[in-house]
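A.B. asks: Quick mapping for you: the protein sequence lines, in order, are chains B and X.
Under this note's numbering, think of the first position of the first sequence as 1, with each following residue one higher.
Under this note's numbering, think of the first position of the second sequence as 145, with each following residue one higher.
From the three backbone atoms N, C-alpha and C, an ideal C-beta is built for every residue, glycine too.
There are 2 protein chains.
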Amino acid sequence: MFSKACEYGIRAVVFIASQSVQSRKVSLKEVAKEIDSPESYTSKILQKLVKSEVILSEKGPTGGFSIDYQKLNSIKLERVVVAIDGDQIFKGCGLGLKQCNANMPCPLHDKFKEVRDKLQNLLETTTVLELAEKIEYGLGFLKR
Amino acid sequence: MFSKACEYGIRAVVFIASQSVQSRKVSLKEVAKEIDSPESYTSKILQKLVKSEVILSEKGPTGGFSIDYQKLNSIKLERVVVAIDGDQIFKGCGLGLKQCNANMPCPLHDKFKEVRDKLQNLLETTTVLELAEKIEYGLGFLKR
DNA sequence: TTAGTATCGGATAATTTTGTCCATTATTAT
DNA sequence: ATAATAATGGACAAAATTATCCGATACTAA
Ligand code: FES
Ligand code: FES
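1. Roughly how many whole angstroms lie between the Cα atoms of Asp110(B) and Val26(B)?
2. Name the chain X residues whose beta carbon is nearer than 7 Å to that of Leu111(B)?
3. Beta-carbon of Val54(B) versus every beta-carbon of chain X: anything under 9 Å?
4. So with CB distances below 8 Å, who are the chain X contacts of Glu145(B)?
5. Any heavy atom of ligand 1 closer than 8 Å to the beta-carbon of Arg260(X)?
6. What does Pro105(B) reach in chain X if we use C-beta pairs closer than 9 Å?
7. Could you tell me which residues DSSP puts in a beta bridge with Thr271(X)?
8. Heavy atom of ligand 1 less than 8 Å from the Cβ of Leu156(X), yes or no?
9. In the DSSP assignment, the beta strand (DSSP E) including Ser66(B) goes from what residue to what residue?
10. Using the beta-carbon of each residue, which ones in chain X are nearer than 9 Å to Phe2(B)?
11. If you draw a straight line from the C-alpha of Ala149(X) to the C-alpha of Tyr185(X), how long is it?
12. For Glu58(B), write down the residues that DSSP places opposite it in a beta bridge.
13. Give the secondary structure of Val26(B) by DSSP, where H, G and I count as helix, E and B as strand, and everything else as coil.
14. In chain X, which residues lie less than 8 Å from Lys118(B) when you measure between Cβ atoms?
15. Please indicate yes or no: does the CB of Gly92(B) lie closer than 8 Å to some heavy atom of ligand 2?
16. Please confirm whether any heavy atom of ligand 2 lies closer than 8 Å to the CB of Ala246(X).
17. I need the DSSP call for Val158(X), collapsed to helix, strand or coil.
Written as structure tokens, this is what we have:
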């Protein structure tokens, strides 16, 4: 469904958010450990998220990654996914035609669009904060 | 969503089905042309579908690919997808945990499962014949 | 029986995705 | 100032996916 990079990205953002709620910045090492991902690769993904302004980063000791407290409840999952995987997953044709086009649709268009739209809706309505809270309350896990 | 191989595979099966309805066998060349896919790569994908008994193949002149007329209306899209991509797409965890587990779920589990189940339902209820008929009636397209 | 045709299967190549390594830069505390 | 710390950015490597090529195999028709 999502690329591995995107899966790591979402898990990372959710973890960072769960710590930002408590005003704690987290290091790359900590992130990779908590979401069980390869450290160096995770670094690249976080850099992308910093550039697309989903998360903040500060260098030096006491530095680390965080999410702006003001924005915390307004960041939707959609931003994370688009920053990493682009929007093909909820815009593109299910059968791989260059672009989804209802006027000259693939035979799966109608049914596929329903699923795709449901996914888009999920991504556009689910907040990172909402997911982070599940972690806090032990109702959700980022590794096993 | 689906791998490129799977997209080609579905398009190919739908095209083959649309011709099998008229008792016409089709060659690899014809398939690749009609679904606009790389011929040699498509060959590999069709071989997989032959081995998983989704389609039939015959060698030699007058040979080609086809689908058993009897099975035509009972073949679900799910079989094609599983033969090529496996079942991770509608069984796996959306955030990439080793396996989806409601007892120790990722924070997206509940919402993601809804989408995933809808996709699974689509794949399990949509028949290849149904899609092939859209092609016949000009209501669906396999290339553009 | 032979020539022609079409899939099969194995080897190989190109591309993309995933993953690693390390020197550099920015920041902080001493 | 200096040493320690943590992200950054670039080069590089491994693995998976996508794609090509070609000889072998099976079949048909003449
Ligand atoms: S054209 Fe294929 S999903 Fe819309
Ligand atoms: S545990 Fe992640 S989707 Fe079920």
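C.D. replies: So, from the listed chains and residues:
1. Straight-line measurement puts the Cα of Val26(B) at about 44 Å from the Cα of Asp110(B).
2. Checking the displayed sequence, the identity of residue 111(B) turns out to be Lys instead of Leu. Simply Leu266, Thr270.
3. Under the Cβ distance rule, Val54(B) does not count among the residues neighbouring chain X, no pair being separated by less than 9 Å.
4. Beyond the ends of chain B as shown, which are 1 and 144, falls residue 145(B); an answer cannot be given.
5. Flag unset: Cβ of Arg260(X) not near ligand 1.
6. Lys278, Leu283, Gly284, Phe285
7. Lys220(X)
8. Going by the sequence as given, residue 156(X) is Ala instead of Leu. No; taking the cut-off as 8 Å, the Cβ of Ala156(X) has no heavy atom of ligand 1 nearer than that.
9. Segment 64-66, the beta strand (DSSP E) holding Ser66(B).
10. Gly238, Leu239, Gly240
11. Our two residues, Ala149(X) and Tyr185(X), have alpha carbons roughly 8 Å apart in a direct line.
12. Gly64(B)
13. strand
14. Per Cβ cutoff of 8 Å: Glu258, Val259, Lys262.
15. no
16. Yes, the beta carbon of Ala246(X) sits closer than 8 Å to at least one heavy atom of ligand 2.
17. helix
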